[in-house]
Amino acid sequence: MVTDFLANLFVRSRLVLALGVTLLTGMAVWGYLPRAPEDEPAKAAPKRVAGESDAKAKKDASDQSARERAESEFQLTKSDCLLLVEAEDLFTPRTMEAVRQMVRDVKTLDIVDSVVWLESAPGLNIFGLAEPLLPPDGASAERLQIARQRALEHPLAAGQLLSDDGTALQILIGYDWLFMTQEDSGATEIVREAEASLARSLGADASTVTIRATGRIPLWKAERDAFSSDHRKYQIISYTMITVLALLLFRGLVPVLIVGIGSTLAVFWTFGILKFFDHEPNDMTAVVMPVLVAMVSFTDGVHLMIHIRRKRADGLSPIDSAASAIRDVGLPCFLTSLTTGIGFCSLLLANSQYIKNFGWDCAFGVAAGFVAVVTVIPLLSSTWLGRKLESRGEDELIGRSLERFRPGIDWILKHSRMVTVAGVLITALFAAAGAQLRPDEKWEYAMPTGAPAYQAMAWCGEAFGGIEFAHVTVSWNADGNVSPAQVLQIVGEVKELVEREPHLKHPLEIGDLLATFPSDTDDPETLMSYASLLPPSLRDMLYDPGKREAKVLMRCQDHGIRLYAPVFKRVDAGLANLAAQHPGFAFDLDGGPVWRAENLYQVVVDLATSLGSAAIIIMVVIAVVYRSVQLGVIAVIPNMLPLVVTAAFLVWTNYALTIAAVCAFTVCLGIAVDDTIHFLSRFQAELKRTSDIDEAIRRSFLSVGAALITTTLVLVSGFATVLGSQMPAHRIFAGMAVSTIGTALIGDLVLLPAMLAACYRPRKPDAEKATSSSSDRGEILEGPSPRIATLGLEP
4 MVTDFLANLF VRSRLVLALG VTLLTGMAVW GYLPRAPEDE PAKAAPKRVA
54 GESDAKAKKD ASDQSARERA ESEFQLTKSD CLLLVEAEDL FTPRTMEAVR
104 QMVRDVKTLD IVDSVVWLES APGLNIFGLA EPLLPPDGAS AERLQIARQR
154 ALEHPLAAGQ LLSDDGTALQ ILIGYDWLFM TQEDSGATEI VREAEASLAR
204 SLGADASTVT IRATGRIPLW KAERDAFSSD HRKYQIISYT MITVLALLLF
254 RGLVPVLIVG IGSTLAVFWT FGILKFFDHE PNDMTAVVMP VLVAMVSFTD
304 GVHLMIHIRR KRADGLSPID SAASAIRDVG LPCFLTSLTT GIGFCSLLLA
354 NSQYIKNFGW DCAFGVAAGF VAVVTVIPLL SSTWLGRKLE SRGEDELIGR
404 SLERFRPGID WILKHSRMVT VAGVLITALF AAAGAQLRPD EKWEYAMPTG
454 APAYQAMAWC GEAFGGIEFA HVTVSWNADG NVSPAQVLQI VGEVKELVER
504 EPHLKHPLEI GDLLATFPSD TDDPETLMSY ASLLPPSLRD MLYDPGKREA
554 KVLMRCQDHG IRLYAPVFKR VDAGLANLAA QHPGFAFDLD GGPVWRAENL
604 YQVVVDLATS LGSAAIIIMV VIAVVYRSVQ LGVIAVIPNM LPLVVTAAFL
654 VWTNYALTIA AVCAFTVCLG IAVDDTIHFL SRFQAELKRT SDIDEAIRRS
704 FLSVGAALIT TTLVLVSGFA TVLGSQMPAH RIFAGMAVST IGTALIGDLV
754 LLPAMLAACY RPRKPDAEKA TSSSSDRGEI LEGPSPRIAT LGLEP
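Numbering (our numbering), first residue to last: 4 to 798.
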């Protein structure tokens, strides 16, 4: 047995264990050290310096020409920032002149490389001459109203750069990354300059124009800022609360310090050793694994510490107490690590390499946590610190209070069948409710919804149909005799297919641009001949004969993959029909929303499937390790209860099964199983001392209950502090953790004892050995004893 070996090694040569701990810590430290770069690093781009002179900040002639070239390349789908302008009536002479001046002023900013807006949309005639949609400054109100109507009928303006009701503009901004800093998204500076420009032009009337900013970079920066802020703030708050609560429960600094060092070192080892072997954890691992390893290590550490303190109170020396903890509590700690590790190893069966890496990293973290707990805590407890661990007359607050619950456990045992039936029915009801939970993922779940960039994105979704694009690429092979007219016809059929889906907004294809040319014919060949009059970048965005492909663009809102996945499936099915009707043509639906609908949905499904598989595997392992199918089956309901309660809670609160939610389920399953294993291990040990099952349950309740309640109070308190986070994913994770861990305590201290009393029947050899084992094994578990007797070693 691993724990027997560690206990023997601990007594005979603690120095070996100390050297092992030192070696692992050294490997972790080495992993954290920065590595020398293999190649000469590129020179860092100069950063913008506040207070630069205007002359120094100006671009030279080549920069100006590059900017002009960038602006001439009309692109709807490529921008770093979106500046949104809303007014009740944009098309008045004064307002439009102010907006035009605002655009000029924004262009002068160092960070701005290109600007595309309503004035950039070309209106071409058959002579190839550009006709801007907006008249020049000084135009009459009548001309501006005509321009407004033209813009609402122009395919590049309506729903793209101008809202359907004509009250909002979308201005696409590209950054000059030479002048960007890592601390700024650019949105604040752009909005400030835009508002200042409007104030100069409109005076007090500037308040009638609303300015917002969103887009790829502002959204990314808002998410990173919120994550960093919450990460620091709630770490400090939760760790402080956990420390204070642990001090109150343990009534001493030393036990809290020792347990804290064990769980902290477990996380330190995990990441450091992975880095030592040049393995960089992915984003999901970086967020989930520290919580998982710290929580599982902490719960096991509390069980070890309570055992050590009780042995010290019984008169054992620090070394004997620590060795007894390794031997008696080390086994359930090993089983919790084994079952949790197996659960994460089940992720290796997932289709996503991302999830496979996550599963492997977390399994390694759990193993590192076990080693840290069963070595560091006993080692520290066997030093001079161990003399301060003696529990003076049950001075543990929870342990003393548990004595008052004897009538409660007696009532549960007396009505065990009723409690069991009620528990099974309640679990079934919550499972039926939780079965309605469906996978989903959208920006709303990962973004601080109060951030201006997110608010602007949500508003833009309603006004323009979303800021993200999906597209259908129509391609044809070189061998076929494909005419431009045929391409135009097929692209039109794709657009008709897209228009059937109400959640796909403002589809745009080459035929829409060609329709802006004045023509007295609908002949496809004639229309396609006008394509050569379009600016190359604009034409190639939708139709590139050199690459033999055409595209249909469409906007998507942030409604989540749960809504869009079936939409994209229907579009894919329609495209398959078109491919069958038009041999030689291929149709591909792609884009950011499509990628998320396919890949993130699969990630959530992989996680959920692996979670279910892990639950089954864990129960099988429990049955094998305890050599009792009965215990494996009995353990199912108490561990299912917290998960189904939380799943039902998500359904009732209109949350979805997100990546954060499944990760929370995975972490909480490990903690719930941890408590169950500790209770079952104590129950089997007590059953060897008495043939009375009810008495064994009572003793297990009083012995293990203190540790279970202590860990639950500490963990729930720590997670509850995160409920105020500005990040929805963090709030979901924390809420689920509080729900699952709290319900798991009920399952392990109420339902599990009832099911053991009602359903468990030990094998005859166990009953026959009960009397004899009480005399020898009981001496090991309770009361002072020599070191040799404690460890069961031969003289």
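Using N, Cα and C, we set each Cβ at its ideal position, and we do this for glycine too.
Determine the direct distance from the alpha carbon of residue j to that of residue i, and round the result to whole angstroms.
i, j, result
"A747", "I637", "14 Å"
"D83", "A150", "28 Å"
"F588", "T273", "52 Å"
"D591", "D547", "15 Å"
"V374", "I621", "20 Å"
"C559", "G29", "51 Å"
"K391", "V257", "7 Å"
"A454", "P96", "33 Å"
"M739", "L250", "26 Å"
"I696", "I412", "13 Å"
"L716", "V106", "57 Å"
"L536", "L85", "28 Å"
"Y357", "L603", "11 Å"
"M544", "Q163", "14 Å"
"L112", "I174", "15 Å"
"A10", "T612", "38 Å"
"L491", "A473", "20 Å"
"L428", "Q439", "18 Å"
"A316", "A626", "34 Å"
In three-state terms, what does DSSP make of residue i?
i, result
"A31", "helix"
"L516", "helix"
"L159", "coil"
"D609", "helix"
"A90", "strand"
"V14", "helix"
"R254", "coil"
"D526", "coil"
"L79", "coil"
"A249", "helix"
"T343", "helix"
"R630", "coil"
"V332", "coil"
"D108", "helix"
"G484", "The question names Gly, yet the displayed sequence has Asn at residue 484. Correct three-state label for N484: coil."
"N354", "coil"
"H418", "coil"
In the DSSP assignment, what residue or residues form a beta bridge with residue i?
i, result
"I176", "C84 and V118"
"C559", "E471 and L507"
"F588", "W479"
"A325", "Beta-bridge pairing links A325 to no other residue."
"K554", "T476"
"Y546", "A553"
"L660", "P442"
"A688", "Its beta-bridge partners do not exist; DSSP assigns none."
"E214", "Sequence check: residue 214 is Ile here, not Glu. I214 pairs with V88."
"G594", "A473"
"L165", "A161 and L172"
With the cut-off set at 8 Å, would you say residue i and residue j are in Cβ contact?
i, j, result
"A553", "V494", "yes"
"R168", "M730", "It should be pointed out that residue 168 corresponds to Asp in this sequence rather than to Arg. It is not a contact, given that the beta carbons lie outside the stated cut-off."
"S204", "E283", "no"
"S385", "R17", "yes"
"L172", "R153", "no"
"L20", "T423", "no"
"P125", "P538", "yes"
Between which residues of its own chain and residue i is the CB-CB distance below 8 Å, once the five residues before and five after are set aside?
i, result
"K314", "D323, S324, S327 and A328"
"V299", "T339, S340, T343, V369, G372, G673, I674 and D677"
"R219", "S82, D83 and C84"
"L155", "A161, L165, D167 and G169"
"Y35", "F274, G275 and K278"
Identify, in the order they occur along the chain, each residue of the same chain with its Cβ nearer than 6 Å to the Cβ of residue i, setting aside the five sequence neighbours on each side.
i, result
"M183", "I114"
"D769", "Any reading at D769 must be qualified, since the residue scores a pLDDT of 48, below 50, and its modelled position is unreliable; the value itself is stated next. So no residue of the chain qualifies."
For residue i, which residues from the same chain have a beta carbon less than 7 Å from its beta carbon, with the 5 sequence-adjacent residues on both sides left out?
i, result
"V294", "V670"
"R565", "R441, P442, D443 and A659"
"V608", "P442"
"A699", "F686, E689, L690 and T693"
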